[in-house]
Structure formats: C-alpha cells, structure tokens
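J.: Numbering (the working numbering), first residue to last: 186 to 605.
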RNA sequence: GGUGGUGUCGCCUAGUGGCCGAGGGCGCACGCCUCGAAAGCGUGUGAUGGGGCAACUCAUCCGUGGGUUCAAAUCCCACCACCACCGCCA
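1. Just grab the DSSP bridge partners of residue 356 for me.
2. Starting from residue 461, trace the beta strand (DSSP E) in both directions and tell me its first and last residue.
3. Report the rounded CA-to-CA distance for residue 496 versus residue 520, giving the unit in angstroms.
4. Considering only the beta carbon of each residue, do residue 518 and residue 508 sit closer than 7 Å?
5. What residue ranges within the stretch 268–311 form continuous beta strand (DSSP E) runs of no fewer than 3 residues, ordered along the chain?
6. Since residue 362 contacts residue 592 with CB under 8 Å, what's their CB separation in whole angstroms?
7. Write down the C-beta distance between residue 572 and residue 355 rounded to the nearest angstrom, noting that I regard them as a contact closer than 8 Å.
8. What residues match up with residue 530 in a beta bridge as DSSP calls it?
9. Per DSSP, residue 438 is paired with what?
10. Given this structure, state the Cα-to-Cα distance separating residue 304 from residue 205, to the nearest angstrom.
11. Leaving out five residues before and five after residue 262 in sequence, what residues of the same chain have Cβ atoms less than 8 Å from its Cβ?
12. Assuming residue 326 and residue 352 are in contact, meaning their beta carbons sit under 8 Å apart, how far apart are those beta carbons, in whole angstroms?
13. Give a yes or no on contact between the stretch 531–545 and the stretch 557–574, applying the rule of three or more CB pairs nearer than 8 Å.
14. Could you tell me the boundaries of the beta strand (DSSP E) in which residue 210 lies?
15. Pick helix, strand or coil for residue 482, following the three-state DSSP scheme.
16. Do the stretch 247–267 and the stretch 480–490 make contact, defined as three or more Cβ pairs closer than 8 Å?
17. Taking residue 609 and residue 388 to be in contact with their CB atoms under 8 Å, please state how far apart those CB atoms are, rounded to whole angstroms.
18. What's the call for residue 245, buried or exposed, on a 16-neighbour Cβ count within 10 Å?
19. Quick check on residue 453: buried or exposed, where buried means 16 or more other Cβ atoms within 10 Å of its Cβ?
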C-alpha cells in the first residue's frame, strides 16, 4: 500500500510514478475523490455514534414514562447509526480495494518504461570463448545423469524435473553455500512455509484472485509461494518490533512454485523456467531511511555469490514498468548463458520500501516511542537456475563440468563427469 | 478427524446486558524519599483514524467475522489459534 500522505499532499508525485510504470494516472483523481467522500461519511458516522452513546446513558438512568420516551428516540437514532455506518463502510471498502491496485511509488532514478527499457549498470567478467561447440545445460545435465526432465514430465507434467546424483549434489551445495554466505553476513537462516494464507500472499503484493502465476489450494484457502519472500514478509505481520531490533535480516530457503501461465513455448527446454525450484532468498526489515543503502548491501552480497560461481554477469536497473506491484526499485544480476548468447536473470533484488509493511502491518517502535512502518527488501542468493549457468559456463569438451573452486567443499567434487 | 478447555490494554488477571468512560497486580517511565541504591510512596502507561498551535478531544479496537438488542467484553452463530486427551499418519 502506498503512503496516503503522498496521495493527499503530493498527488503529482504519484501521477508521475504511475506514468513511469506506463499505468493510468487518472486513478489518482478517483482516489482523491473517494478519499474525501469516505472521510466525510466517517465523520458523520462518528458524530451520530457519539450521540447514541450519550443517549444510551440517559436511558439506563431514566425510569417510567421518561424512559419509554428516551427509548423511542434511541431506536430512531440506532437506525441512523446503522445507515451512517453502512455508508462509511461501503465507501471505505471501495477506497481500499482501489488503493490495493496501486503499485508502489517508483524510486527516483529508476528508468521509466517497460521490460526492454532497463539500464545496464555493470558488467563483470568476459563471456568465455569455446574451442569446441558448447552444449546446452540440458544436454550436459543428461550426460551427467544430473537432470531428468522426461521423468519429471511423466510424474508431474511439463516443466517439472528431477535433480539426480551430481545434479542434486550441485543444488544442495549451491544453496548451502548461499546459506553460509548469508549466515556470515549476519542473516538469520530460515526454512519457511511454502503454503500461505491469502492475507500473507496479498500483503506481500500478489493478487490472490487474479494472479495467473499462483498455485491455489481452494479446499484449504492456501497458496503456494513463488518465493520465500512471501513467508518472510509475513513473518512479522501485525507486529510492532522493539526499537533496537532493526535491521532484521533473514535468509530463507524454500521451494518456490510458479504456474508459468502465459509463458507457453518460452524456455521450454531444460530447467530455466520451471514450476518448482529451490531458492535462498535474503529478506531485510530496515528503517525507511536505510532502505536504499540496504538495497546496495543486498546487491553486494549477490555480487559476491556470483563471483563464487565464476560466471560472467551484468547488473541491470529494471525499468519502472517491469518492477511488479511492491518494488520501488529493482536490480537484476543476469548471468551469461553461452548457448543462448545472452544474459539471463540469476538474481533479483527489490526495495519495497514500506509498501509491504503497510499491507502486512509490520511496524517498529521509533526513538520517539511512536510505531512506524518498516521498509522491506529482498534479494536472491542462489537458485536452481544457477545450475544452468554453472553447467554451461564451466563445461569442457568431453562433457564434463568443472565445479567452481568456492563450491567444491559444498559439492564434494572437483569435476562432474559424464556417465553417458 | 473427534472430545473437552482456553483466548481481555507488554505479561498475569477482574469482569454473564447499561456508572466498563475496561478495575487490579507485575513490568516499564517519570517524580518524591536517599550520599547513592533497594524498599516504600505518588503519577503516568496501548493501537488506528479524525479535529486542534497546544493542554486536549472524538470515534474504532476485549482472537476474527456475523447476529440479537435502544445498548454487547458480557447473549447467539460461524470461523481461527493455542492447550489436553483420543484416533490416524511421514
């Protein structure tokens, strides 16, 4: 949820943010109008209610005829209260549901525009030149007996897979390395629920009713998370954190589930785009004024992790239109995929400012004793998709794959040897 | 899944229809006392939204959502969470 003070005091900033995202800015006027009417209705309800309360006291003290007369007035007033309350509630609900559709205010500096309007900020490492024809990650994975897509499809359908043998070891090692990195950086390791309640999903910035990406369990009104960000954002929901607790940093390890509806035919080969994968995710709760610095901090941990797997990558500043609901700014690290001849997303870090906290009610006790909303940020430390980059970038002519040095202690192997 | 119990302002607790405008204790904060501290005494003690420069003030909040009533922490219904026991299960 956006800050209502911005809507009331600086609506132009909200309009500009909407336009940068390529969204309609006329919603701002609709919201302002609705807000005014909602507040008027509330005032009217409150004064009627106050009157009812004082009349109620008179009723309780009165006797006989006087009581009967007062009772009649009280009945009339009760009807008024009821209708005033209904009106206030109706307008309030209307306002809230419209407000829920407004995405976070874009951080100044984020490029305007859509998916293709990103800005490349940094490039690290040089794409390797091969003196043989490089194989793609699936061919490598199959030769290593590390990835089994066919049986994944047999058991669960398209976009499901098994990681087997060295494939499983590679993922476990990678995610363990990510966890270790996070722990050393002061994050609290967490293994999180993957099924969450609708309010947790909504609070994090996903629309339970319409989002085509979300798996639902309608029997139980539960939703499969697409990232442990959701569970970690919900972790402190409806809490007022003690003054000295921020920043709070968590590293969540979970399986992630995505329906990938609308991506038919896209990345169908291999494990680049799948319905289920594993991820280590950083999640920070910080004071709002520290959010931009924390964002850089998360990005730095991502750089360090990517350096450990020795894959060339670049960092992009995502354009406003590609930010998603909650983010005010997003940096993606994209790893070089040799057989595709392009960079693909390996990490993503978002500054959600107080957007999620307002929806989820995450507050902290400030120095003046007042509760304030915390800013939340998230960032990827490692995912199943990294296996793609590791296999392809570190392959050798014979189909073996050299395990990046930093990863060896976690995998327990220096080289993955093909079995076929 | 079944049966029973519990859910009140940070914690404990009082409160079965109208002076509950939620009382008390603990904790905490400030003050008094003291050389200092403890003890003791006094005062204060939440959240959200609105109004006022301000002391302040109004509304909402007693697990959540409905309902009954002029009036609900209190009565009714549903749900949720926790505890205990039983059943089932990786």
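Cβ coordinates follow ideal geometry from the N, Cα and C atoms, glycine included.
T.: Taking the structure as given:
1. DSSP lists no partner for residue 356.
2. 461–471
3. Near 6 Å, if we compare the C-alpha coordinates of residue 520 and residue 496.
4. no
5. 304–309
6. 6 Å
7. Between residue 572 and residue 355 the beta-carbon gap is near 6 Å, inside 8 Å, which marks them as a contact.
8. Per DSSP, 519.
9. 376, 465
10. Looking at the two C-alpha atoms, the distance is approximately 14 Å.
11. 233, 236, 237, 240
12. 6 Å
13. yes
14. Neither: residue 210 is in no beta strand (DSSP E) and is coded neither H nor E.
15. helix
16. no
17. Given that the chain is displayed from residue 186 to residue 605, the structure contains no residue 609 and the question cannot be resolved.
18. exposed
19. exposed
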